[in-house]
Structures are given as C-alpha cells and as structure tokens.
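The structure appears below as structure tokens.
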Amino acid sequence: ADGGASVASAANVDDGVGVGGGCACPYDYVAVTHNFEGSPHVDSKDTAPQLAISLGDFGEGGELCVSDDDGRTAVITTKRRVAKMDGRYVHWVRGWGGGDRFSLIFYATEEGKARPRVRAWYESPCATSA
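Letter 76 of the sequence shown, counting from 1, is numbered 726 in my numbering, and no numbers are missing.
Written out as structure tokens, the structure is:
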C-alpha cells in the first residue's frame with residue numbers, strides 16, 4: 651500500500667452539467683488516492699463542500715468520518731456511492747479490512763467558487779442545506 655495521493659485540476663468540472671440530480675459543481679480539483687487512511691484533519695484551503703467516492707476491493711470499513719462543531723460524528727459509507735461533506739470540518743478515513751481502496755475527492759479552493767460553511771455532512775450529494 652502506497653497511501654499516495656495525486657491531485658489533478660478539474661477546471662472543466664464546473665460546466666453546468668451537475669452531478670446526479672442537477673446540483674451545481676463548484677469544484678476545481680480532484681484528488682485521487684490509493685489506500686489513504688487519514689488521521690483527523692481540516693482542509694483549511696477548501697472553499698466549498700466536497701464530493702467523495704471510494705472504489706476497489708477493500709474489505710469492511712474505510713468509511714469517511716466527519717465531526718461537526720457540536721461534537722457529533724457521522725460515519726459515511728462512500729464505497730461505490732457519492733457522499734457530500736465539508737472538509738472545513740474535522741474528518742478522517744477509518745481503517746479497513748484489507749484490499750485496495752481508491753477514492754476520488756472533488757473539491758474547490760478558489761475564492762470565486764466559495765460556498766458558506768453550513769454543515770459538516772449532507773444527506774444527499776446534491777443537498778444545499780439541512
């Protein structure tokens with residue numbers, strides 16, 4: 651396991667097409683990770699919530715965990731499903747039971763794409779509020 655990450659510009663993601671139910675895509679980067687198991691951290695340069703999905707043959711675990719300002723923590727399954735969370739809140743990836751885990755994280759750092767910090771996680775990838 652290399653635990654590496656690559657970052658690619660996603661300048662054309664904000665083309666008005668949207669993801670899923672037609673939500674706006676304010677993302678200018680995509681991080682591609684392989685077997686990344688993150689400790690709790692905040693993505694302080696983010697300017698909007700993120701979309702995340704994990705893929706691969708990894709075993710039990712590998713969920714994305716996000717804590718809000720009230721101390722509540724959500725454990726979000728991203729295996730073969732898109733999740734929306736805000737990296738400006740404390741978050742991390744749980745360990746898993748072997749196998750390869752790849753993830754794609756769509757995020758924005760440009761001030762012109764800034765969205766307010768509203769909530770740590772969302773019920774739907776296209777949700778804009780509670």
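Where a beta carbon is used, it is the ideal one built from N, C-alpha and C, also for glycine.
In whole angstroms, what is the alpha-carbon distance linking residue i and residue j?
i    : j    : result
W746 : E713 : 8 Å
G706 : E687 : 14 Å
D736 : G762 : 17 Å
V725 : S689 : 14 Å
Alpha carbons only, please: which of the options is nearest the one belonging to residue i?
i    : options                : result
R731 : V740, T723, I755       : I755
F708 : S694, D736, A698, N685 : N685
I need the boundaries of the beta strand (DSSP E) containing residue i, first residue and last residue.
i    : result
V680 : 679 to 684
G753 : Looking at the sequence itself, residue 753 is Ser, so the reference to Gly does not match. 752 to 757 is the span of the beta strand (DSSP E), which, as asked, contains S753.
V740 : Careful: V740 lies outside any beta strand (DSSP E) and carries neither H nor E.
Suppose the cutoff is 8 Å on Cβ atoms and the five residues either side in sequence are ignored; what does the same chain contact list for residue i look like?
i    : result
I703 : T728, R730, R731, V732, A733, S753, L754
Which ranges does the beta strand (DSSP E) cover as unbroken runs of at least 3 residues, wholly within the stretch 692 to 737, from first to last along the chain? 700 to 705, 714 to 717, 723 to 726, 733 to 735
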